[in-house]
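Notes for the one structure printed next.
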Amino acid sequence: MGFKLQVHPSKADVSLNKTLRLKEKMINEIQEIADKNNVSFNYVVSQMLQYCLDNLEN
Numbered sequence: 000m001g002f003k004l005q006v007h008p009s010k011a012d013v014s015l016n017k018t019l020r021l022k023e024k025m026i027n028e029i030q031e032i033a034d035k036n037n038v039s040f041n042y043v044v045s046q047m048l049q050y051c052l053d054n055l056e057n
């Protein structure tokens, strides 16, 4: 099963700030996904990270 962006963001969870350094190409690709889905860059990154955590093999 592949990654699928959730359409409706949940605002119930507490959020914290963390600075990340990402390659320019990666930023551009993620921004493109965000633009196509009418969501924020941060939302896409959060969804991708959650998917990775949920599907992490031990």
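Just so we're aligned, residue 0 is where the sequence shown starts under numbering that gives the first Met the number 0, counting upward by one. Just so it is clear, CB atoms sit at the ideal spot from N, CA and C, and this is done for glycine as well. All values derive from a computational prediction rather than experimental measurement.
Could you give the DSSP three-state label for Asn37: helix, strand or coil?
-> coil
Local Cβ density within 10 Å of Val43, reported as buried at 16 or more and exposed below that | buried
Would you grab the beta carbon distance between Leu4 and Asn36 for me? Rounded to a whole angstrom, and I think it's under 8 Å.
-> 6 Å
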